[in-house]
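Notes follow once the structure below has been shown.
Number of protein chains: 2
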Amino acid sequence: MTLASVETRLPHAVPEGRKGRSASEPVDSRFDRRLAKVLQYAAQIFCEKGYEGASMRDLSRAAGMSLAGLYHYFESKEELLYLIQKHTFRTIIERLHQRLAGASDPEGRIRIFIENHLEYFLANKEAVKVLTHEDDTLKNGRGAEIRAIKREYYKICLDLLEDLRKEKGLQFSGRLAVLSLFGMINWIYSWHNPRVDADAQALAREMGDLFLGGVLNTGKGRRRSAKARA
Amino acid sequence: MTLASVETRLPHAVPEGRKGRSASEPVDSRFDRRLAKVLQYAAQIFCEKGYEGASMRDLSRAAGMSLAGLYHYFESKEELLYLIQKHTFRTIIERLHQRLAGASDPEGRIRIFIENHLEYFLANKEAVKVLTHEDDTLKNGRGAEIRAIKREYYKICLDLLEDLRKEKGLQFSGRLAVLSLFGMINWIYSWHNPRVDADAQALAREMGDLFLGGVLNTGKGRRRSAKARA
DNA sequence: TATAGATTCGAACGAACGTTCGGTAAATAC
DNA sequence: GTATTTACCGAACGTTCGTTCGAATCTATA
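Residue numbers (my numbering), protein chains in the order written: chain A, 11 to 240; chain B, 11 to 240.
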């Protein structure tokens, strides 16, 4: 789970033979470790200046490595962004599955989703900002792959919500609920200040209260305020 | 309320005399109208490619005007972003004040806030994406001015929420509630599809239900689910 | 210690960037 | 109808961009 168990090995000029690592190979070579470090620096730079605004020279300065030297580890700036996004997403989903394994109560599972999301977000602000901010920067194959992972994550959350809906016999738009929840918890990167705001667990509880309070309340009796009905 | 009642007139090489329009001057000259058009194209381009990713040549192509000709209307790319953000923000706040003037019920006023926000967002997707996406792109003076407007907008929403809290005797973190609400309604630009999703009014009602349901429920008796308390 | 591969580098490539300059055409004022 | 300002343009400026190339230096094995 370092930031680089990835099939980028021997990026160019490899004559023949093994092209991509066959996945699930836990190698943690010198190459992998160095690439992980570089990806970390890159996430930081992309976070600060944005993908387009950041230059490879910025990265070379931050990583303490020459401009040309960087290209030993990946083949282009775009692949750099792809590797960061893919690793970040996959890690979040992997951890989520671990945590969900031991919980069956629908409401509790949604709270686990929120907590998992927020914990990773606040612990890896840079990478996550790159994930959400450079949302549709990647094109073609790499972009399609990242969008697929995103849909997978969306689907997990939607299923959790529909379990709750069935259990409680509620009526609400799953799509709207999921996207509202994503908005709440993704927006954090734009305001969270560790010196002012609570930690991930407390935030997850408060946001869980807010969101679940709304969902449970809205969907039940179609109760609406007089003002809204007017 | 065109996109350019702004003090950019006579951008450079003006020898002496009137520098900035003295504000509140409703002139809608040829210059202003053309600038408004250009700002519209610019919002579109910035929205598509991001501020850093968009080039002045892209804009010149979209606007059907030469590269050099553009600089007759503003002095730099950065000022372009500033003008878009300032006009967008000021318009949203101005309309909000108009709508709030006739409402006194705290819950209804929050619903007005949400509806005003969503209506403008969905009618001006490009400009709004530039507003939220290029959040801290501007530096120095221009950046400080935009951040001040943003704080003003935040404060309006916070006050609305605290009115509700007082009326109903609730307990909740105003900051967290405001920022959660902003997350919900700002995130829309990343997913809203007019062919699939409801219009602004319907969305505002549903999100209002969700948010107010949560706020009213959470803050009252400190009710929490067994799972969350465990 | 010799050999081979992995790692790193300085220097440069062509392309694209934001901006400027001198000048022409169109609109406005007198 | 002429003079003056406004609107616009082609061409270029200097800079920075992502990327490449050939060579130098490490590292590990035999």
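No residue lacks a Cβ here, since even glycine has one placed at the ideal position from N, Cα and C.
Can you tell me whether residue i is helix, strand or coil according to DSSP?
i: E125(A); result: helix
i: R71(B); result: helix
i: R44(A); result: helix
i: W201(A); result: coil
i: S65(B); result: coil
i: L148(B); result: coil
i: L180(A); result: coil
i: E85(B); result: coil
i: G193(B); result: helix
i: L226(B); result: helix
i: A111(A); result: coil
i: G60(A); result: coil
i: E35(B); result: Residue confidence is low: E35(B) scores 44 on pLDDT, short of 50, so the model does not pin down where it sits. Its coordinate-derived value is still stated next. If DSSP states are grouped into helix, strand and coil, E35(B) belongs with coil.
i: V206(A); result: coil
i: L91(B); result: helix
Answer with yes or no whether the minimum CB distance from residue i to chain A is below 9 angstroms.
i: T228(B); result: yes
i: S86(B); result: no
i: H143(B); result: yes
i: M194(B); result: yes
i: M217(B); result: yes
i: D169(B); result: no
i: Y61(B); result: yes
i: S70(B); result: no
i: G79(B); result: no
i: S190(B); result: yes
i: G153(B); result: no
i: F221(B); result: yes
i: S76(B); result: no
i: I198(B); result: yes
i: F56(B); result: no
i: L110(B); result: no
i: L45(B); result: no
What number of angstroms, rounded off, separates the C-alpha of residue i from the C-alpha of residue j?
i: D38(A); j: S76(A); result: 23 angstroms
i: G184(A); j: I102(A); result: 22 angstroms
i: A33(B); j: K96(B); result: At A33(B), the pLDDT of 37 sits below 50, so the modelled position is not reliable; the number obtained from the coordinates is stated separately. Cα-Cα distance, rounded: 14 angstroms.
i: E129(B); j: K149(A); result: 31 angstroms
i: Q211(A); j: E136(A); result: 19 angstroms
i: A158(A); j: F99(A); result: 11 angstroms
i: A111(A); j: G118(A); result: 12 angstroms
i: F123(B); j: P204(B); result: 21 angstroms
i: W197(B); j: W197(A); result: 7 angstroms
i: H127(A); j: I195(A); result: 8 angstroms
i: K139(A); j: T147(B); result: 14 angstroms
i: D68(B); j: F41(B); result: 21 angstroms
i: T228(A); j: L180(A); result: 8 angstroms
i: R215(B); j: R43(B); result: 35 angstroms
i: I94(B); j: L106(B); result: 18 angstroms
i: I156(A); j: Q108(B); result: 43 angstroms
i: M66(B); j: A78(B); result: 10 angstroms
i: G193(A); j: K47(B); result: 31 angstroms
i: G63(A); j: A133(A); result: 24 angstroms
i: F182(A); j: H202(B); result: 17 angstroms
i: E125(B); j: D219(B); result: 12 angstroms
Just to confirm, are residue i and residue j a CB contact at a threshold of 9 angstroms?
i: V188(B); j: G224(A); result: no
i: L49(A); j: L80(A); result: no
i: A73(A); j: Y92(A); result: no
i: F84(B); j: E144(B); result: no
i: R161(B); j: E88(B); result: no
i: L222(A); j: R121(A); result: yes
i: F131(A); j: Y199(A); result: yes
i: L213(A); j: L171(B); result: no
i: L141(B); j: C167(B); result: no
i: I177(B); j: P116(B); result: According to the sequence shown, residue 177(B) is Glu rather than Ile. It is a contact, given that the beta carbons lie within the stated cut-off.
Shorter than 9 angstroms from the beta carbon of residue i to some beta carbon of chain B?
i: T147(A); result: yes
i: R102(A); result: The sequence as given places Ile at residue 102(A); Arg does not occur at that position. Not an interface residue.
i: R185(A); result: yes
i: L7(A); result: A query on residue 7(A) cannot be resolved here, the shown segment of chain A reaching from 11 to 240 and no further.
i: R207(A); result: Inspection of the sequence shows that residue 207(A) is occupied by Asp rather than by Arg. It does: the Cβ of D207(A) has a partner Cβ on chain B nearer than 9 angstroms.
i: G224(A); result: yes
i: H39(A); result: Before going on, a small fix: residue 39(A) reads as Ser here, not His. Not one chain B Cβ lies under 9 angstroms of S39(A).
i: L90(A); result: no
i: L132(A); result: no
i: L213(A); result: yes
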